[in-house]
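What follows is a set of notes on a single structure, which appears directly below.
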Amino acid sequence: MTHRACVIGSGPNGLAAAIVLAQAGLHVDVFEAEAIPGGAVRSMELTLPGFLHDFGSAVYPLGAGSPFFASLPLHKFGLEWIHSPAPVAHPLDNGTAVILERSLKDAKNSLGDDGPSWEKLLHPFVEHWKEFAPEVLAPVPAIPRHPLLMARFATNAFSSAKTIAYRFRNDRTRALFAGLAAHSFLKLTEPLSGAFGLLMAIPAHAVGWPIPLGGAQSLTNALCQYFASLGGLLHTSRRIASLSEVPDYDLYLCDVTPRQLLKIAANQLSEAYKRKMQTFRYGPGVFKMDYALRDPVPWKAPECRRAATVHLGGSFDEIAASEAAVRAGQHADQPFVLFVQPSLFDPSRAPADQHTAWAYCHVPNGSKEDMRTRIENQIERFAPGFRDCVLARNALSTNALEAMDANLVGGDIGGGIVDIRQLAFRPTWRHYATSAKNVFVCSSSTPPGGGVHGMCGYHAAKKALSTLAG
Ligand SMILES: Cc1cc2nc3c(=O)[nH]c(=O)nc-3n(C[C@H](O)[C@H](O)[C@H](O)COP(=O)(O)OP(=O)(O)OC[C@H]3O[C@@H](n4cnc5c(N)ncnc54)[C@H](O)[C@@H]3O)c2cc1C
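In numbering that gives the first Met the number 0, the protein residues as written are 0 to 469.
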């Protein structure tokens with residue numbers, strides 16, 4: 000008899016779980032609350048007709064480097080990665096920019112005195128990405144498959160971003176590393192913040208930081224179409240309030256965060272498990288802006304046009320201060336801004352000769368503060384005249400983000416903070432399993448955490464299949 004599985008939520012992790020289950024021959028139904036599948040991997044006209052914006056994620060180092068996505072024929076279903084010539088630009092106040100070059104050799108040459116240290120730090124992991132990626136994009140293993148490689152990573156990974164950055168001699172390289180590490184939502188003096196910097200830098204050289212042709216939705220559409228080709232069924236506009244609404248499945252995989260799981264699986268979970276889940280901690284939120292632009296961004300440093308992603312925050316110390324403020328529950332006056340300019344490399348995102356831009360900064364979880372002026376001041380600092388290019392803008396507060404994707408609790412885009420405790424016990428020591436033997440969590444609240452790689456869904460589905468077999 001064919002087993003039946005139900006996946007709640009069609010984010011990249013829900014779709015990854017659904018695909019693994021369908022590949023194993025199960026009958027799989029995916030229930031998605033929103034009208035369009037994809038969660039934080041969707042594109043829509045948020046400003047003006049003809050301007051296509053990524054609602055959530057936009058740039059995919061871990062998507063391109065995901066061992067699971069790489070195993071799927073997604074190109075046959077329309078997924079095409081576009082690489083900007085350089086993965087990241089980091090402008091500075093003197094009108095120049097530090098550029099993170101795609102090849103490690105070019106990065107070594109461009110980073111001056113720090114080039115050899117940059118290369119020494121990253122080379123083993125870039126060279127062995129195929130061995131490294133499955134190890135880091137999984138629960139922390141008791142015994143790694145590549146112990147020497149992972150021991151080398153661990154010696155740096157538990158360091159703070161500051162410890163790693165101050166191995167470099169130049170303020171420019173330190174600023175570049177600060178921008179990469181600030182993706183962590185941690186203080187740059189906290190353990191693990193260094194690991195995030197490395198996990199952003201390594202794929203930049205190993206697989207790039209690409210954007211999908213046609214926007215984030217192209218990745219979701221490719222996953223959905225492949226899932227459909229395996230016989231899977233996707234039901235949109237179906238918000239599941241309780242698992243009892245969808246009886247008669249052998250397995251339930253929930254692409255939701257702990258707070259939501261506590262509601263929808265309240266009757267299935269033990270009291271002890273629920274108490275543990277209640278202690279799960281969410282991270283800071285984001286305040287997001289999308290822009291329709293009449294012209295490309297007028298960067299003071301023209302080399303910023305070589306990169307799809309631009310980190311706006313200035314020096315190491317400024318970025319560290321911005322992130323420390325947010326971690327302390329405050330709003331930074333000069334927030335670190337992550338900025339993406341997709342239409343420079345993908346003309347399908349905007350009408351001819353016009354452009355889109357995407358930006359966000361970190362804010363305390365659930366923040367109600369309007370950050371648009373502070374975000375635009377940071378953009379103007381490095382691109383004077385930016386505001387004159389704006390045809391239309393759309394702001395998404397933490398509340399607005401959560402209203403469009405229930406997993407973005409308080410605007411947290413990572414499914415919960417990744418500090419040392421929640422790295423090891425994510426969301427509990429059981430990881431994907433829960434106290435109910437047929438209910439599993441498969442969202443970014445499980446290892447390896449946030450980012451679009453599908454590996455949470457992949458591991459959760461493997462775990463679920465193993466219990467079925469057992
Ligand atoms: C603004 C922003 C920028 C980001 N930038 C990047 C980036 O550039 N690169 C990157 O790699 N990552 C980025 N991320 C993070 C990345 O998008 C997430 O880590 C990833 O999407 C998590 O996938 P998921 O499947 O766990 O959850 P989600 O993508 O959040 O999907 C969860 C899905 O479950 C659905 N759902 C929830 N509850 C229910 C219910 N009760 N019933 C039915 N359906 C339900 C939701 O509607 C949603 O579709 C960004 C996220 C945001 C919001």
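Note that beta-carbon positions come from the ideal geometry of N, C-alpha and C, so glycine has one too.
Worksheet item: Hey, is residue 59 close to ligand 1, as in C-beta under 7 Å from one of its heavy atoms?
Response: Within the cutoff, so yes.
Worksheet entry | Nearest-angstrom Cα separation, counted from residue 36 out to residue 405 | Cα-Cα distance, rounded: 13 Å.
Discussion item. Let me check one thing: in DSSP terms, what residues is residue 432 bridge-paired to?
Written reply: Note: residue 432 sits in a beta bridge opposite 439.
Worksheet item: Leaving out five residues before and five after residue 454 in sequence, what residues of the same chain have Cβ atoms less than 7 Å from its Cβ?
Response: Within the same chain, residue 454 has close Cβ partners 65, 67, 136, 137 and 447.
Worksheet item: What separation, rounded to the nearest whole angstrom, lies between the Cα atoms of residue 393 and residue 143?
Response: Distance between the alpha carbons of residue 393 and residue 143 is about 45 Å.
Practice prompt. Spell out a yes or no on whether the region 434 to 445 and the region 12 to 23 are touching, meaning 3 or more CB-CB pairs, one atom from each, closer than 8 Å.
Written response: When C-beta atoms of the region 434 to 445 are compared with those of the region 12 to 23, three or more pairs fall below 8 Å, so the two segments count as touching.
Discussion item. My output table needs one value for residue 205: the three-state DSSP class, helix, strand or coil.
Written reply: In this structure, residue 205 counts as helix in the three-state DSSP scheme.
Practice prompt. Give me whichever residues DSSP pairs with residue 287 in a beta bridge.
Written response: For residue 287, the beta-bridge partners assigned by DSSP are 359 and 395.
Worksheet entry | Closest Cα partner of residue 432 within the set 264, 206, 308 and 391 | Of 264, 206, 308 and 391, the residue nearest in Cα terms is 264.
Worksheet item: Looking at the structure shown, is residue 343 part of a helix, part of a strand, or coil, going by DSSP?
Response: If DSSP states are grouped into helix, strand and coil, residue 343 belongs with the helices.
Worksheet item: Quick one: is residue 387 buried, meaning 16 or more other Cβ sit within 10 Å of its Cβ, or exposed?
Response: In the assembly as shown, residue 387 is an exposed residue. Its beta-carbon has fewer than 16 other beta-carbons within 10 Å.
Worksheet entry | Cβ-based burial, residue 216 [other Cβ within 10 Å; buried from 16] | Buried is the call here.
Worksheet item: In terms of alpha-carbon separation, which member of 89, 339 and 332 lies closest to residue 308?
Response: Per the C-alpha coordinates, the member of 89, 339 and 332 positioned closest to residue 308 is 339.
Worksheet item: Under the criterion of a Cβ to heavy atom distance below 7 Å, does residue 183 qualify as lining ligand 1?
Response: The answer is no for residue 183.
Worksheet entry | residue 465 CB to nearest heavy atom of ligand 1 below 7 Å | With a cut-off of 7 Å, the C-beta of residue 465 is classified as distant from ligand 1, since no heavy atom of the ligand falls inside that distance.
Discussion item. What does the Cβ neighbour count give for residue 0, buried or exposed, with the cut at 16 atoms within 10 Å?
Written reply: So residue 0 ends up on the exposed side.
Item to complete: Look at residue 46 and residue 359 and say whether their C-beta atoms are less than 8 Å apart.
Response: No, they are not a contact pair.
Worksheet item: Beta carbon of residue 434, beta carbon of residue 268: below 8 Å?
Response: Yes. Within cutoff.
Item to complete: Return helix, strand or coil for residue 80, following the three-state DSSP convention.
Response: In the three-state reduction of the DSSP assignment, residue 80 falls in the strand class, which pools E and B.
Worksheet item: Less than 7 Å between the CB of residue 232 and some heavy atom of ligand 1, yes or no?
Response: Relative to ligand 1, residue 232 has its C-beta separated by 7 Å or more from all heavy atoms.
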